[in-house]
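Take a look at the structure set out below.
2 protein chains.
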Amino acid sequence: MATTIKSATSAAMSAAVHRLANTVLLNEEEVDFFEQLQINRVAYQRGEDLVVDGDDFRVCFLVRRGWAIKYKITKAGRRQIIGVALPGDFIGLHINFQRRASYSVAALTELETAVIEPIRLLEVYQKYPVLASGLDWMSVRNFNILSEHNVSLGARPASQRILHFMLELWCRLRAIGEADKDGFKLMMTQEQISDTMGLSLVHTNKNLRKLQREGLLSMNNGIVGFPDPARSIEYADFDERFLENFQESRLVASALSR
Amino acid sequence: MATTIKSATSAAMSAAVHRLANTVLLNEEEVDFFEQLQINRVAYQRGEDLVVDGDDFRVCFLVRRGWAIKYKITKAGRRQIIGVALPGDFIGLHINFQRRASYSVAALTELETAVIEPIRLLEVYQKYPVLASGLDWMSVRNFNILSEHNVSLGARPASQRILHFMLELWCRLRAIGEADKDGFKLMMTQEQISDTMGLSLVHTNKNLRKLQREGLLSMNNGIVGFPDPARSIEYADFDERFLENFQESRLVASALSR
DNA sequence: CGTTAGTTTGACGCGATTCAACCTTCGTGG
DNA sequence: CCACGAAGGTTGAATCGCGTCAAACTAACG
């Protein structure tokens, strides 16, 4: 069962602020406001559902710690994982007035979230334009990630698809300081990877092993690495642009709205 | 080449306003403002590219007439169509400060667009909260469509996938009055359908024929119909929720922000 | 030490791609 | 008016990537 956490006492800035600050120039007031948004915290256990397809769903989750997935189950009983949410990621950011969830959300690990009322996000848009730009940028980034998954699912063979996904996770985790140049801790089972990639478990396993044999990927008790990153990026047709932090845009965004 | 259209003289409300009005309650001032956003119009010919992957891309397009596609080309030379934009749809709504396009956009038909500067969208968020809610709802809807494509690509066999897509287009076109209960005019070739569905042209063709033989779909010189809609919806595992107009939410959105 | 969750491997069959050909429609120009 | 080429649709046959079935293996945990 979900546990409600009483108060926000963490001294460190949240992962989300860290990411926002990489995108737009926030002043102290904005940082404070954004941290206050995260007062209402809820924790979940590994495997627990935050949201079930069809539920009433009018709030927005911000992941603070741990990994989560968005997924759907087809009539035929297949599960398709639509996205992986890492610390600092929003789930249902603009869902605002969608009465019912059109997907489910589950915790891949122990998970700590902040639950944010949509009305407070309206405040952001009306009072804190720079912060709002940051949120918009986050949606764009999510959209880019989903688009890239579309390309993978529709137009890339299994091994490229899997390697591309691993590279994506690596990039995203580095942006929040949860991975370094050597690799990262993968919090997914092969079954979860296969449901993300639209492949069977068996085929996923065989291609993971093939990638390791060919030196494009390493996996040792949950730690994923890339022996020769340049070669992996080339092989997977990976384009880092879609995850870039848009450093230049910090200037643009702040110029536009001050 | 793209042609610039001098002035906005259309008496009728744009398709976009029509769609927005189905979602949120707009007052006259908001409608006027939104129509004025669309003054800067550009037309394209069938097959022409509006945006090429890698281009500078800081504006936002609103489709007024015709169909367009967003797509990417993989290193291996395969094209994946990421989305189809119909009248009233935005392309790059929140792209704001993304310096370069991470995808291409092409006109499927003769196309009339309005080009909107991101700075004017900021105005919307600051001065017209109800309009802004409407825009957010449009992004959510786009996100839902893309998610559903993900499910199709990852977890549905060819014939379901194709039929699902046809049903999606039917629903979206009805929402803007460009389709009725009998069907719609499909402005895509089978090659374009196959690139959207992540299938080969040959396999797409065979499955289209199969769907027709089985009475799940009809196609007569470009007009797509569904002899028995309920059966098609059942077969394709189609869930209309993700395209709903959220009539209830009109109340919510306006209550929130007045 | 047994149980459960997760990984690994082989064998077989189906669904999707590829190659190749032919057909229809339509616009264009001799 | 017909000849032609281009674009799009249709179909069969061979091949291959991926899914399914089945079974064994490993690690973590009580």
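Taken in sequence, the protein lines are chains A and B. Using my numbering, read the first sequence as starting at 28 and increasing by one per residue. Using my numbering, read the second sequence as starting at 28 and increasing by one per residue. Note that beta-carbon positions come from the ideal geometry of N, C-alpha and C, so glycine has one too. These numbers come from a predicted model, not from an experiment.
Item to check | Within-8 angstroms CB hit, residue 275 of chain A to chain B | outcome: Because the pLDDT of residue 275 of chain A is 46, which lies under 50, any placement of that residue in the model is unreliable, and the question is left without a value.
Checklist entry - Name the DSSP beta bridge partners of residue 246 of chain B, please? => result B:251
Item to check | Assumed close pair residue 44 of chain A, residue 60 of chain A - CB separation to whole angstroms, cut-off 8 angstroms | outcome: Contact flag wrong, Cβ pair sits at about 10 angstroms.
Checklist entry - Does residue 112 of chain B get closer than 8 angstroms to chain A when you measure Cβ to Cβ? => result no
Item to check | CB contact below 8 angstroms: residue 207 of chain B versus chain A | outcome: no
Next on the checklist: Could you check whether the Cβ of residue 281 of chain B sits closer than 8 angstroms to any Cβ belonging to chain A?
Outcome noted: Note that residue 281 of chain B has pLDDT 48, beneath the 50 cutoff, so the model's placement of it is unreliable and no number is given.
Item to check | Residues that DSSP places opposite residue 266 of chain A in a beta bridge | outcome: Residue 266 of chain A is not bridged to any residue.
Next on the checklist: Please classify residue 115 of chain B as buried or exposed, where buried requires at least 16 neighbouring CB atoms within 10 angstroms.
Outcome noted: buried
Checklist entry - By Cβ distance, which residues of its chain are closer than 6 angstroms to residue 97 of chain A, with the 5 residues on each side in sequence left out? => result The answer, listed in chain order, is 109, 110, 130, 132.
Checklist entry - If contact means a Cβ-Cβ distance below 7 angstroms, which residues of the stretch 242 to 265 of chain A contact chain B? => result 264
Checklist entry - In the DSSP assignment, what residue or residues form a beta bridge with residue 139 of chain A? => result A:70, A:92
Checklist entry - What does residue 190 of chain B touch in chain A if you count any residue whose Cβ is under 8 angstroms from its own? => result Within chain A, no residue comes near residue 190 of chain B; the closest Cβ sits about 13 angstroms away, beyond 8 angstroms.
Checklist entry - In chain B, which residues lie with their C-beta within 7 angstroms of the C-beta of residue 159 of chain A? => result 152
Checklist entry - Hey, is residue 227 of chain A's beta-carbon within less than 8 angstroms of any beta-carbon in chain B? => result Answer no: the Cβ-Cβ gap between residue 227 of chain A and chain B never drops below 8 angstroms.
Item to check | Those residues which DSSP pairs with residue 127 of chain A across a bridge | outcome: A:83
Item to check | Selection from B:80, B:180, B:75, B:117 that minimises the alpha carbon distance to residue 227 of chain B | outcome: B:180
Next on the checklist: Taking 8 angstroms as the threshold (beta carbon to beta carbon), is residue 181 of chain B in contact with chain A?
Outcome noted: yes
Item to check | Closest residue to residue 214 of chain B among B:120, B:240, B:247, B:56 (Cα-Cα distance) | outcome: B:247
Item to check | Cα-Cα separation, residue 107 of chain A to residue 172 of chain A | outcome: 15 angstroms
Item to check | Neighbour flag for residue 149 of chain A against chain B, beta carbons, 8 angstroms | outcome: yes
Next on the checklist: Taking 8 angstroms as the threshold (C-beta atoms), are residue 219 of chain A and residue 135 of chain A in contact?
Outcome noted: Less than 8 angstroms divides the Cβ of residue 135 of chain A from the Cβ of residue 219 of chain A.
Next on the checklist: Let me make sure I understand the geometry here. Which of B:241, B:230, B:191, B:198 has the alpha-carbon closest to that of residue 102 of chain A?
Outcome noted: B:191
Next on the checklist: For residue 145 of chain A and residue 120 of chain A, what's the separation of their Cα atoms in angstroms?
Outcome noted: For residue 145 of chain A and residue 120 of chain A, the distance between alpha carbons rounds to 8 angstroms.
Next on the checklist: I'd like to know whether the C-beta of residue 45 of chain A is nearer than 8 angstroms to at least one C-beta of chain B.
Outcome noted: No, because no Cβ of chain B sits closer than 8 angstroms to the Cβ of residue 45 of chain A.
Checklist entry - Shorter than 8 angstroms from the beta carbon of residue 107 of chain A to some beta carbon of chain B? => result yes
Checklist entry - If residue 270 of chain B and residue 200 of chain B are in contact, beta carbons under 8 angstroms, what's the gap, nearest whole angstrom? => result The Cβ separation is near 11 angstroms, so there is no contact.
Checklist entry - What residues in the stretch 80 to 102 of chain B bring their beta carbon closer than 7 angstroms to a beta carbon of chain A? => result 99, 101, 102
Checklist entry - Ends of the beta strand (DSSP E) at residue 65 of chain B? => result Element bounds for residue 65 of chain B: n/a, residue is neither H nor E.
Checklist entry - On the three-state DSSP scale, how would you describe residue 217 of chain B? => result helix
Next on the checklist: I'd like to check one pair, residue 156 of chain B with residue 64 of chain A: are the Cβ atoms closer than 8 angstroms?
Outcome noted: no
Item to check | Where residue 51 of chain B falls: helix, strand or coil (DSSP) | outcome: coil
Checklist entry - For a contact meaning CB atoms closer than 7 angstroms, what does residue 54 of chain B contact in chain A? => result Around residue 54 of chain B, no beta-carbon contact reaches into chain A at under 7 angstroms, the shortest distance being about 17 angstroms.
Next on the checklist: Taking only three categories from DSSP, how would you classify residue 260 of chain B?
Outcome noted: helix
Checklist entry - Which chain A residues sit within Cβ distance under 8 angstroms of residue 127 of chain B? => result 268
Next on the checklist: Check whether chain A comes within 8 angstroms of residue 177 of chain B, counting only Cβ atoms and requiring the distance to be less than that.
Outcome noted: yes
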